[in-house]
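Enquirer:
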Amino acid sequence: MKVVHLKYPHQLNMSQEFTAAYSLAVGFFDGVHKGHQAVIQNAKEMAKQLNVESAVMTFDPHPSIVLGGRREKVFYITPLQQKLGVLEDFGVENVFVVHFTSDFAKLSPEDFIQYFIKDLNVKHVSAGFDFSFGQFGKGNMETMKALSNGQYGVTVIDKQSDQEEKISSTRIRNYLQDGDMESAAKLLGRAFEVPGIVIHGDKRGRTIGFPTANIQSLEGSFIPATGVYAVKILVQNKWYDGVCNVGYKPTFKNPEDKQLSIEVHILDFNKNIYGEEVKVGWYKRIRSEQKFDGIESLKTQIEKDKNEAIEYFAVHS
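The opening residue of the sequence shown carries number 1 in the working numbering; numbering runs sequentially from there.
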């Protein structure tokens, strides 16, 4: 997959950089959830029909970071590097990452289409019904059609819903904050994943018979609500079942110590993996974090958690 970073104003020699023609899916696509997948799938299908290359255009950072105006803090479901990995898994041939700046935000809809659609030799544009572009979001998909002058086709993907309401990144964020991994996975079409690296922890787990891999998540990743989860962990290109504790280890830690830890007890695993890059897939929240009155009661509960995870994966494998 080819990744091209674009800025406005960009001085690109189009004859050298963009000899191909593209069918383009355009949007922010945080999470690359089922609604986004419908847009991307349409762009891929149109690429085949038109005998051009498939492409996705996304933006970085999130517009609200540049423009402000949102009271709540926006976190990424899929930080950029992770998003690129998901798009590659979907078989997208090209990704244009447009750097979202205050200058870019001031572009008129007409200029956006000139610079980022026509000048890139885009032959077809696919986007969601609510995609907007240009200064103050004045441009919409009707504008996209009206300004095409026959140079590119346009497909507008209708609202994608489940039994409840529109599939959206906002709903997924709310589920993640609540630790509802099963509902998040239904909208994502896959388990929520957090990439990270295995670091040295306090090694207390192995002294009580439950060694854990201490995970330092990739910067910018969102960590679900504290608690104990049934997870899978990707280590050296192989997935293993596990139990993950996210929290502040209240049984051992000073309550003033607010260092969040992610620890995974990997089932049927006995390797030294310090320094390994891993990926944690979150499947089900087993319980909330709690403080125990001693080591024995903690060990008893961890054994219960482990068995619950084993049972979960036995049914959902």
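Using N, Cα and C, we set each Cβ at its ideal position, and we do this for glycine too.
For the beta strand (DSSP E) holding Asp241, just list the boundary residues, first then last.
Expert: Working through the sequence shown from its first residue, we reach residue 241 at position 241. 238-247 is the extent of the beta strand (DSSP E) around Asp241.
Enquirer: Taking the beta strand (DSSP E) that Glu263 belongs to, which residues open and close that run?
Expert: Stepping through the sequence shown from its first residue, residue 263 is reached at position 263. Start and end: 261-266.
Enquirer: Evaluate the contact criterion for the segment 18-27 versus the segment 120-129: three or more CB pairs, one atom per stretch, below 8 Å.
Expert: Short answer: they touch.
Enquirer: Restricting to runs no shorter than 3 residues, where is the beta strand (DSSP E) found entirely within the segment 142-228?
Expert: If we require 3 residues or more, the beta strand (DSSP E) runs fully inside the segment 142-228 come out as 153-157, 192-199, 213-217.
Enquirer: Could you give the first and the last residue of the continuous alpha helix (DSSP H) run that contains Thr300?
Expert: For this step, residue 300 is matched to residue 300 along the sequence shown. Counting along the chain, the alpha helix (DSSP H) containing Thr300 begins and ends at 295-315.
Enquirer: Taking the straight line between their C-alpha atoms, what separation do you get for Glu110 and Gly134?
Expert: Here residue 110 is taken as the residue at index 110 of the sequence shown, counted from 1. Here residue 134 is taken as the residue at index 134 of the sequence shown, counted from 1. So the alpha carbons of these two residues sit roughly 8 Å apart.
Enquirer: Give the secondary structure of Leu24 by DSSP, where H, G and I count as helix, E and B as strand, and everything else as coil.
Expert: Residue mapping note: residue 24 aligns to position 24 of the sequence shown, counting from 1. Leu24: strand per DSSP, three-state reduction.
Enquirer: Shortest alpha-carbon distance to Glu45 belongs to which of Lys232, Val243, Val92?
Expert: As a position in the sequence shown, residue 45 is number 45, starting the count at 1. Residue Val92 is the option with its Cα nearest to Glu45.
Enquirer: At the level of alpha carbons, what is the spacing between Ser168 and Phe222?
Expert: Taking the first residue of the sequence shown as 1, we reach residue 168 at position 168. Taking the first residue of the sequence shown as 1, we reach residue 222 at position 222. Each residue's Cα considered, the two are about 17 Å apart.
Enquirer: Should Gly196 and Val278 be called a contact, given that it needs their Cβ atoms to be closer than 7 Å?
Expert: Position 196 of the sequence shown holds residue 196. Position 278 of the sequence shown holds residue 278. Their beta carbons are under 7 Å apart, which means Gly196 touches Val278 by this criterion.
Enquirer: Comparing C-alpha positions only, which one of Asp158, Gly227, Glu142 sits nearest to Val39?
Expert: Taking the sequence shown and counting its residues from 1, the one referred to as residue 39 is at position 39. Among Asp158, Gly227, Glu142, the Cα nearest to that of Val39 belongs to Asp158.
Enquirer: Any idea if Gln82 is buried or exposed, counting beta-carbon neighbours within 10 angstroms, 16 or more meaning buried?
Expert: Position 82 of the sequence shown holds residue 82. Gln82 should be labelled buried.
Enquirer: Going by the CB atoms, is the gap between Trp282 and Tyr229 shorter than 7 Å?
Expert: Numbered from its first residue, the sequence shown carries residue 229 at position 229. Numbered from its first residue, the sequence shown carries residue 282 at position 282. It is a contact, given that the beta carbons lie within the stated cut-off.
Enquirer: Roughly how many whole angstroms lie between the Cα atoms of Glu182 and Val231?
Expert: The residue you call residue 182 lines up with position 182 of the sequence shown. The residue you call residue 231 lines up with position 231 of the sequence shown. Each residue's Cα considered, the two are about 11 Å apart.
Enquirer: Looking at C-alpha atoms only, which residue of Phe269, Ile215, His265, Asn245 is the closest neighbour of Lys238?
Expert: Walking along the sequence shown from the start, residue 238 turns up at place 238. It is Phe269.
Enquirer: DSSP three-state label for Met1, please.
Expert: Residue mapping note: residue 1 aligns to position 1 of the sequence shown, counting from 1. If DSSP states are grouped into helix, strand and coil, Met1 belongs with coil.
Enquirer: Would you call Asp30 buried or exposed, if buried means 16 or more other Cβ atoms sit within 10 Å of its Cβ?
Expert: On the sequence shown, residue 30 is found 30 positions in, with the first residue counted as 1. Per the 10 Å Cβ criterion, buried.
Enquirer: Using a Cβ-Cβ cut-off of 7 Å (strictly less than) and excluding sequence neighbours within five positions of Leu234, which residues of its own chain qualify?
Expert: Along the sequence shown, read from residue 1 onward, the residue named residue 234 stands at position 234. Counting only Cβ-Cβ distances below 7 Å, and skipping sequence neighbours, we find Val278, Lys279.
Enquirer: I'd like to know whether the C-beta atoms of Ser132 and Asn121 end up nearer to each other than 7 Å.
Expert: On the sequence shown, position 132 is the one that residue 132 refers to. On the sequence shown, position 121 is the one that residue 121 refers to. No, the pair does not count as a contact, with Cβ atoms beyond the cut-off.
Enquirer: Is it the case that the Cβ atoms of Val77 and Ile215 are separated by a distance below 7 Å?
Expert: Start at 1 with the first residue of the sequence shown, and residue 77 comes out as number 77. Start at 1 with the first residue of the sequence shown, and residue 215 comes out as number 215. Before going further, note that residue 77 is Ile rather than Val in the sequence given. No, the Cβ-Cβ distance between Ile77 and Ile215 is not below 7 Å.
Enquirer: Using only the alpha-carbon positions, how far apart do Glu276 and Ala213 sit?
Expert: Within the sequence shown, the letter at position 276 stands for residue 276. Within the sequence shown, the letter at position 213 stands for residue 213. About 10 Å.
Enquirer: Thinking Tyr8 and Phe104 are a contact (beta carbons under 8 Å), I'd like their distance in whole angstroms, please.
Expert: Residue mapping note: residue 8 aligns to position 8 of the sequence shown, counting from 1. Residue mapping note: residue 104 aligns to position 104 of the sequence shown, counting from 1. Going by Cβ atoms, the distance from Tyr8 to Phe104 rounds to 4 Å, so yes, they are a contact pair.
Enquirer: Taking just the CA atoms, how far does Tyr175 sit from Ser161?
Expert: Your numbering for residue 161 matches position 161 in the sequence shown. Your numbering for residue 175 matches position 175 in the sequence shown. So the two alpha carbons sit approximately 16 Å from each other.
Enquirer: Looking at the structure shown, is Val39 part of a helix, part of a strand, or coil, going by DSSP?
Expert: For this step, residue 39 is matched to residue 39 along the sequence shown. Three-state result, Val39: helix.
Enquirer: So, under 8 Å CB-CB, Phe100 and Met57 are touching, yes? Tell me the CB distance rounded to an integer number of Å.
Expert: The residue given as residue 100 occupies position 100 in the sequence shown. The residue given as residue 57 occupies position 57 in the sequence shown. In fact, because the Cβ distance is near 11 Å, the residues do not count as touching under 8 Å.
Enquirer: Just the C-alpha distance for Glu312 and Lys145, rounded to the nearest angstrom, thanks.
Expert: Taking the sequence shown and counting its residues from 1, the one referred to as residue 312 is at position 312. Taking the sequence shown and counting its residues from 1, the one referred to as residue 145 is at position 145. For clarity, residue 312 is Tyr in the given sequence; the question names Glu instead. Approximately 48 Å, taken between the alpha carbons.
Enquirer: Here's the rule I'm using: 16 or more other beta-carbon atoms within 10 Å means buried, otherwise exposed. How should Arg285 be labelled?
Expert: Against the sequence shown, residue 285 aligns to sequence position 285. Classification of Arg285: buried, given that the 10 Å Cβ count is 16 or more.
Enquirer: Going by beta carbon distance, what residues of the same chain come within less than 8 Å of Glu53, once the five residues before and after it are set aside?
Expert: On the sequence shown, position 53 is the one that residue 53 refers to. Within the same chain, Glu53 has close Cβ partners Ala20, Ala21, Tyr22, Ser23, Ala47, Glu93, Asn94.
Enquirer: Should Ala309 go down as buried or exposed, given a rule of 16 or more other Cβ atoms within 10 Å for buried?
Expert: Indexing the sequence shown from 1 puts residue 309 at position 309. The residue is buried, with at least 16 neighbouring Cβ atoms inside 10 Å.
Enquirer: CA-CA distance, Phe75 and Leu84?
Expert: As a position in the sequence shown, residue 75 is number 75, starting the count at 1. As a position in the sequence shown, residue 84 is number 84, starting the count at 1. If I take the Cα positions, the gap works out to 17 Å.
Enquirer: Can you check whether the CB of Phe96 is closer than 7 Å to the CB of Leu6?
Expert: Locating residue 6 in the sequence shown gives position 6, counting from the first residue. Locating residue 96 in the sequence shown gives position 96, counting from the first residue. Cβ atoms of Leu6 and Phe96: closer than 7 Å.
Enquirer: Is the beta carbon of Ile262 less than 7 Å from the beta carbon of Val243?
Expert: Your numbering for residue 262 matches position 262 in the sequence shown. Your numbering for residue 243 matches position 243 in the sequence shown. Cβ distance not < 7 Å, so Ile262 and Val243 don't count as in contact.
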